[in-house]
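**Q**
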Amino acid sequence: MHRQIAGSLTGRVTKWVVLAAVLAITAIMGVFSTKLTSVQNNEASSWLPASAESTKVLDELSESVDPNDIPTLVVYHRDGGLTDDDLAAMEADGKEIADLEGVTDEGVLTPAAAEAAAAQGAPVPTLVSEDGEVAYLYLVLNFGTDGWNAIPDAADEIRDIAEIDGGDVHLAGFGGQAADSAEAFEGIDTNLIFATLGVVIVILLFTYRSPVLWLLPIICAVVANTIATGLVYLLAKYADLTVNGQSQAILSILVIGAGTDYALLLVARYREELRRHDDRHEAMAFALHRAAPAIFASAATVALGMLCLSFAELNSTAGLGPVAAIGVSVTMLVMVTLLPALLVICGRWVFWPKRPSFGSPEPTSDGLWARVGRAISHRPRRVWVVTTGLLLLACLGLFRLDTSGLSTEDTYTKEFDSIKGQKLLTEHGLADNSNTIQVVTDTDQAADVAASLEGIDGLGAPGEVQPLADGRSWFEATINADISSSAAAGIVEESRDAAHGVDGADALVGGGSAFYLDTKIASERDSWVIMPLVLLVVLLILIGLLRALLAPLILMATVVLSFGAALGISALLFEYVFGFAGSDPGFPLFTFVFLVALGIDYNIFLMTRVREETATHGTRKGSLIGLASTGGVITSAGVVLAATFLVLGSLPLVFLAELGVAVALGVMLDTLIVRSVLVTALNLDLGGKIWWPSKLDSADAPLSAAEAERPLETVH
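Written out as structure tokens, the structure is:
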């Protein structure tokens, strides 16, 4: 029945119907796909759950403090000291900048205005350093909810105005950081996709050694990405799905990488069947019938694994779950409909110059992976014990993994303008007065709460207490540390301990650094909740697919071991090769979800074939046949997926660079070591026991030396 369904999708008439239907859907979704960047929400406040303390502060201040305010600093610097002409130019620049669209009614605070206000006793920050080499203007930008999209143009306008001959000017504060972050994600919807496709094309050309065949998986991957991004746009626009630059980058990488994997598996099986069937439509019916279960199981594993992210407290992480699940599901549907239709439409010539003719021998029967399998078969127990030991040794690198977070300077792989400005402020003893704690408290205890914060190292004097509704008040105090640094997080924690200690005040501490701290807290919670949930979901899928218990448990153990080894090696690379200062708190969770969900794919591809062959040849012989027949395609798929994730390193963000390296390394470990060596050795050692409690291989016959050395034959 399944073969009949598969054949109905690629019949002599239906193949054209499938092609027309998919192209029509692509044309419609393409209109929405190009708009995805416009609905991104990259504001930190949109990432946190309502339960976070900083979110509660933001809610209480919503009527008094506009959450769309973007404090911005224009930093001026001259070695040897700013001249009177420089300071006069700053005053003139301030007046001109104040007239720009987006600058709030408060205008621009200049050094002269700050000095005059301070002389009258007003609590204003010092805008000129003691050595006179650095000074800055302070302003607040507000573009409503469109701040992320508008800030790059506003930053360019400010930079065009602010300049001094012989000196340098930088845009810092929230505004400068937002502009640089927007620049980091600039072109993500095009440049990243083109780079990824370029890498995949090169690998497919090498894999297929055909000037034509590579084009079909690429066409299907582009179609899948167009449909998926179009759907995600509609959900973000009309269903409040949180999409940011990070999740859009991962979506495209995942669609192209996973899509190419599914294409490699299907094309390899189709090539096998073309040697057994003269009619290419019949060959595709058999190929789709046999490959589709593995593709469905793989896609279900990844999609459900990603949906586990929906249980995250962080909205950004929770939003990635459905985004990635949509991408994988759409990709799977495209690869089992459009790709088969294109293959049978083109015919055998698409494999030129090595066309698989009817009756020709199967080259995998005595290829590289067949020889690897025979080598393992001589001493399988020794092989899996040694391999496990080496992977455990690699896990020791986990002790060097620092997930305490990254400062603004360490967040990027290059030095952006805002980082240069922040460095100048720090080096010359000026506080970044755009970075504050915001304290909300009962009015009666406001003075006591403010007093409790005195003496905290790195925290400025509390500002004027301002009233809110319902007997509540609020005030600010400047944090003299980088907004996302560990030092700033420590100041926030000390401030919270002090404020919470005032009885009856119901005090809450928020602000920019508090957002980063709460993000770290939520990330740690998400890791403890989601990691076990992903393992459980994947285990249940494997049990249903393989109809056994022991084999799924073994496969899960090998994938977790591979994850630990990949993370351990990555930690050493980050510290001693790349020189990264640490990792984002969410890095282990993202790496875990991708490696477990994607890494198990290759075991699914292998073990579904082993199970298929076990019914005829027994487990041990079936394991060698499965390795020989899937080895080449799985290796190619692993290389493609690893290369696509490495493309994330082209974005100047340490988090994505680390994620790309760790996932790529883990995928290659799964492909070359875990799946080919460790799992195969375990299969050969345990034999039919791996199917417990089922009786799939009740005979459990040992593999003779002659059988191990005999050229393998796949099932007809």
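Residue numbers for the sequence shown, in the numbering used here: 662 to 1377.
C-beta: ideal position from N, C-alpha, C; glycine also.
1. If the criterion is Cβ atoms closer than 8 Å, does the pair Gln1083 and Asp1071 meet it?
2. With 16 as the cutoff for other CB atoms within 10 Å, does Gly1132 come out buried or exposed?
3. Strictly by DSSP, which residues pair up with Phe804?
4. With a threshold of 7 Å, establish whether the CB of Thr851 neighbours any heavy atom of the ligand ZN.
5. What residue from Thr733, Gly827, Ala1159 has the CA that sits closest to Asp841's CA?
6. Going by DSSP in three states, Pro1249 sits in which element: helix, strand or coil?
7. In angstroms, rounded to a whole number, what distance separates the CA positions of Val785 and Thr687?
8. Can you give the Cα-Cα distance for Leu1210 and Leu1216, rounded to whole angstroms?
9. In angstroms with no decimal places, state the Cα-to-Cα distance between Val884 and Met690.
10. Below 8 Å CB to CB, which residues in the same chain sit around Leu1312 once its five sequence neighbours on both sides are set aside?
11. In chain order, what residues of the same chain have a beta carbon less than 7 Å from the beta carbon of Glu1125, not counting five sequence neighbours either side?
12. Taking the C-alpha atoms as reference points, what is the distance between Gln1099 and Val1322?
13. Anyone know if the C-beta pair for Ile914 and Leu1326 falls short of 8 Å?
14. Does the beta carbon of Pro786 sit closer than 8 Å to a beta carbon anywhere in chain D?
15. For Glu1154, report the span of its alpha helix (DSSP H) as first-last.
16. Tell me which residue opens and which closes the beta strand (DSSP E) that Ser1079 is part of.
17. Short of 6 Å in beta carbon distance, which residues of its chain neighbour Ser1146, apart from the five on each side in sequence? Order them along the chain.
18. Check Gln1106 in the structure and name its three-state DSSP category.
19. What are the start and end residues of the beta strand (DSSP E) that includes Trp1385?
20. Report the rounded CA-to-CA distance for Leu680 versus Val1315, giving the unit in angstroms.
21. For the beta strand (DSSP E) that contains Thr765, what are its first and last residues?
22. Work out the CA separation of Ser1134 and Gln1127 for me, nearest whole Å.
23. Could you please give me the residues that DSSP links to Tyr1073 through a beta bridge?
24. Work out the CA separation of Glu818 and Ala811 for me, nearest whole Å.
25. Going by alpha carbons, who is nearest to Glu724 out of Leu1129, Asn1344, Val1163?
26. For Leu927, count neighbouring Cβ atoms within 10 angstroms of its own Cβ and tell me buried if that reaches 16, exposed if not.
27. Under DSSP, the alpha helix (DSSP H) around Arg880 begins and ends at which residues?
28. Pull up the distance between the alpha-carbon of Leu1029 and that of Leu1267, whole angstroms please.
29. Counting along the chain, where does the alpha helix (DSSP H) carrying Ile862 start and finish?
30. If I measure Cβ to Cβ from Thr716 and keep anything under 6 Å in the same chain, skipping five residues before and after, which residues do I get?
31. Leaving out five residues before and five after Val764 in sequence, what residues of the same chain have Cβ atoms less than 7 Å from its Cβ?
32. Taking the alpha carbon of Thr695 as the point to measure from, which residue in Gly891, Trp1353, Asp922 has its own alpha carbon closest?
33. Could you give the distance in angstroms between the alpha-carbon of Leu1003 and the alpha-carbon of Leu1259?
34. With a threshold of 7 Å on Cβ separation, who are the neighbours of Pro1123 within its own chain once the five nearest residues in sequence on each side are excluded?
35. Compare the Cα-Cα distances from Arg1281 to each of Asp1358, Phe1251, Leu1302, Asn1096 and report the closest residue.
36. Is Ile1261 helix, strand or coil by DSSP?
**A** Reading it off the structure:
1. Locating residue 1083 in the sequence shown gives position 422, where the first residue counts as 1. Locating residue 1071 in the sequence shown gives position 410, where the first residue counts as 1. Result no, Cβ atoms of Gln1083 and Asp1071 do not sit closer than 8 Å.
2. In the sequence shown, counting from the first residue as 1, residue 1132 sits at position 471. It is exposed - the Cβ of Gly1132 has fewer than 16 other Cβ atoms within 10 Å.
3. Counting from 1 along the sequence shown, the entry for residue 804 is found at position 143. For Phe804, which the question treats as bridged, DSSP gives the partners Thr806.
4. Ligands displayed in this structure: none; no statement on the ligand ZN is therefore possible.
5. Numbered from 1 along the sequence shown, position 180 holds the residue referred to as residue 841. Taking only the C-alpha atoms, the option nearest Asp841 is Thr733.
6. Along the sequence shown, one-based indexing puts residue 1249 at 588. Note: Pro1249 maps to helix in three-state DSSP.
7. Locating residue 785 in the sequence shown gives position 124, counting from the first residue. Locating residue 687 in the sequence shown gives position 26, counting from the first residue. For Val785 and Thr687, the distance between alpha carbons rounds to 57 Å.
8. In the sequence shown, residue 1210 corresponds to position 549, counting from 1. In the sequence shown, residue 1216 corresponds to position 555, counting from 1. Using only the alpha carbons, I get a separation of about 10 Å.
9. For the purposes of this step, residue 884 is taken as residue 223 along the sequence shown, with counting starting at 1. For the purposes of this step, residue 690 is taken as residue 29 along the sequence shown, with counting starting at 1. Spanning the two alpha carbons is a distance of roughly 10 Å.
10. The count along the sequence shown starts at 1 and reaches residue 1312 at position 651. Closer than 8 Å at the Cβ level, and outside the excluded window around Leu1312, lie Ala845, Phe846, Ile849, Leu853, Ala910, Ala1318.
11. Taking the sequence shown and counting its residues from 1, the one referred to as residue 1125 is at position 464. Result list for Glu1125: Pro784, Phe1136, in chain order.
12. Here residue 1099 refers to the residue found at position 438 of the sequence shown. Here residue 1322 refers to the residue found at position 661 of the sequence shown. Gln1099 and Val1322: Cα-Cα distance of roughly 38 Å.
13. For this step, residue 914 is matched to residue 253 along the sequence shown. For this step, residue 1326 is matched to residue 665 along the sequence shown. Contact: no.
14. Absence of chain D from the displayed structure is noted, only one protein chain being present.
15. Taking the first residue of the sequence shown as 1, we reach residue 1154 at position 493. Start and end: 1147-1161.
16. For the purposes of this step, residue 1079 is identified with residue 418 of the sequence shown, where counting begins at 1. Segment 1078-1088 is the alpha helix (DSSP H) holding Ser1079; no beta strand (DSSP E) there.
17. Residue mapping note: residue 1146 aligns to position 485 of the sequence shown, counting from 1. Taken in chain order, the residues that qualify are Ser1068.
18. Within the sequence shown, residue 1106 is the residue found at index 445, counting from 1. Three-state DSSP puts Gln1106 in a helix.
19. Absent from the model: residue 1385. The displayed extent of the chain is 662 to 1377, so no value can be given.
20. For the purposes of this step, residue 680 is identified with residue 19 of the sequence shown, where counting begins at 1. For the purposes of this step, residue 1315 is identified with residue 654 of the sequence shown, where counting begins at 1. So the alpha carbons of these two residues sit roughly 41 Å apart.
21. Within the sequence shown, residue 765 is the residue found at index 104, counting from 1. Thr765 -> beta strand (DSSP E) spans 764-770.
22. Mapped onto the sequence shown, residue 1127 falls at position 466. Mapped onto the sequence shown, residue 1134 falls at position 473. So the alpha carbons of these two residues sit roughly 5 Å apart.
23. By one-based count along the sequence shown, residue 1073 stands at place 412. Answer by DSSP bridge pairing, in chain order: Leu1314.
24. Counting from one through the sequence shown, the residue named residue 811 turns up at place 150. Counting from one through the sequence shown, the residue named residue 818 turns up at place 157. Roughly 11 Å separates the two Cα atoms.
25. The residue given as residue 724 occupies position 63 in the sequence shown. Nearest option by C-alpha distance: Leu1129.
26. Position 266 of the sequence shown, counted from the start, is the residue given in the question as residue 927. Result: buried.
27. On the sequence shown, position 219 is the one that residue 880 refers to. Correcting the residue type first, residue 880 is Ile in the shown sequence and not Arg. Unbroken alpha helix (DSSP H) run through Ile880: 876-899.
28. Residue mapping note: residue 1029 aligns to position 368 of the sequence shown, counting from 1. Residue mapping note: residue 1267 aligns to position 606 of the sequence shown, counting from 1. For Leu1029 and Leu1267, the distance between alpha carbons rounds to 16 Å.
29. Counted from its first residue, the sequence shown places residue 862 at position 201. 852-869 is the extent of the alpha helix (DSSP H) around Ile862.
30. Here residue 716 is taken as the residue at index 55 of the sequence shown, counted from 1. Only Leu709 meet the Cβ criterion.
31. Residue numbering aside, residue 764 sits at position 103 when the sequence shown is read from its first letter. Excluding positions up to five away in sequence, the list reads Ile758, Leu800, Leu802.
32. As a first step, residue 695 is located in the sequence shown; it is residue number 34 there, counting from the start. The shortest C-alpha separation from Thr695 is found at Gly891.
33. Along the sequence shown, read from residue 1 onward, the residue named residue 1003 stands at position 342. Along the sequence shown, read from residue 1 onward, the residue named residue 1259 stands at position 598. The straight-line gap from Cα to Cα measures roughly 26 Å.
34. Start at 1 with the first residue of the sequence shown, and residue 1123 comes out as number 462. Excluding sequence neighbours, Pro1123 sits near Ala1111, Leu1114, Phe1136, Ala1138.
35. Translated into the one-based positions of the sequence shown, residue 1281 becomes position 620. Selected option, being the one with the closest Cα: Asp1358.
36. If you number the sequence shown from 1, residue 1261 lands on position 600. Of the three classes helix, strand and coil, the one that applies to Ile1261 here is helix, per DSSP.
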